[in-house]
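**Q**
In mature numbering (1 follows the signal peptide of the UniProt record, and there is no 0), the protein residues as written are -19 to -1, 1 to 109.
1) Rounded to whole angstroms, what is the Cα-Cα separation between residue 65 and residue 50?
2) Between which residues of its own chain and residue 84 is the CB-CB distance below 8 Å, once the five residues before and five after are set aside?
3) Could you tell me the boundaries of the beta strand (DSSP E) in which residue 101 lies?
4) Using alpha carbons as the reference points, say which of 88, 92, 56 and 105 lies closest to residue 82.
5) I'd like to know whether the C-beta atoms of residue 46 and residue 22 end up nearer to each other than 8 Å.
6) Ends of the alpha helix (DSSP H) at residue 13?
7) Just to confirm, are residue 33 and residue 10 a CB contact at a threshold of 8 Å?
8) With DSSP as the reference, label residue 49 as helix, strand or coil.
9) Report the residue from 13, 24, 59 and 58 whose alpha carbon sits nearest the alpha carbon of residue 103.
10) So, is residue 74 buried or exposed, given that buried needs 16 or more other C-beta atoms within 10 angstroms?
11) Which class does residue 22 belong to by DSSP, given the choice of helix, strand or coil?
12) Please state if the CB of residue 18 and the CB of residue 105 are separated by a distance shorter than 8 Å.
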């Protein structure tokens, strides 16, 4: 009986620790919400720096690519998908008249890595 009681207490403590760890993690939508400075490498026109804005509205992410001159969204995202610690954002590339996507994956509290169209690598960090 004492073994069963000890096993129950250990199970309860393990569950408590697990639940506390789940509470401590930032929800992915909250993590990505905000402004990100990213750089895409190896594009046909060379490496490009971009500023991305993700906004959380009604529990979903929206946003777009910021124009550096106007500081406003130049290319709005047509769709944003969030799966685990990875976000995929779709937008129109007017110069090519096609929809393009980029994906970013959480690396730590302020860093992401990803790609454009799964071909061109990207790295970035949360803007201050």
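C-beta atoms are modelled at their ideal positions from N, C-alpha and C, and glycine is treated no differently.
Model, not experiment: these values are computed from the prediction.
**A** Inspection of the coordinates gives the following:
1) Taking the first residue of the chain shown as 1, we reach residue 65 at position 84. Taking the first residue of the chain shown as 1, we reach residue 50 at position 69. Cα to Cα, residue 65 sits roughly 33 Å from residue 50.
2) Taking the first residue of the chain shown as 1, we reach residue 84 at position 103. Here the set comprises 67, 68, 69, 70, 95, 96 and 99.
3) Stepping through the chain shown from its first residue, residue 101 is reached at position 120. Taken as a continuous stretch (DSSP letters only), the beta strand (DSSP E) holding residue 101 covers 101 to 107.
4) Here residue 82 is taken as the residue at index 101 of the chain shown, counted from 1. Taking only the C-alpha atoms, the option nearest residue 82 is 56.
5) Within the chain shown, the letter at position 65 stands for residue 46. Within the chain shown, the letter at position 41 stands for residue 22. No.
6) Stepping through the chain shown from its first residue, residue 13 is reached at position 32. First-last of the alpha helix (DSSP H) with residue 13: 9 to 13.
7) By 1-based counting over the chain shown, the position of residue 33 is 52. By 1-based counting over the chain shown, the position of residue 10 is 29. No; because the gap between Cβ atoms is not below 8 Å, this pair is not in contact.
8) The residue labelled residue 49 in the question sits at position 68 within the chain shown. Reduced to three states, the DSSP call for residue 49 is coil.
9) For the purposes of this step, residue 103 is taken as the residue at position 122 of the chain shown. Per the Cα distances, 24.
10) Numbered from 1 along the chain shown, position 93 holds the residue referred to as residue 74. Classification of residue 74: exposed, given that the 10 Å Cβ count is below 16.
11) The residue you call residue 22 lines up with position 41 of the chain shown. Residue 22 falls in the coil class under three-state DSSP.
12) Here the question's residue 105 lines up with position 124 in the chain shown. Here the question's residue 18 lines up with position 37 in the chain shown. Yes, these two residues count as a Cβ contact at 8 Å.
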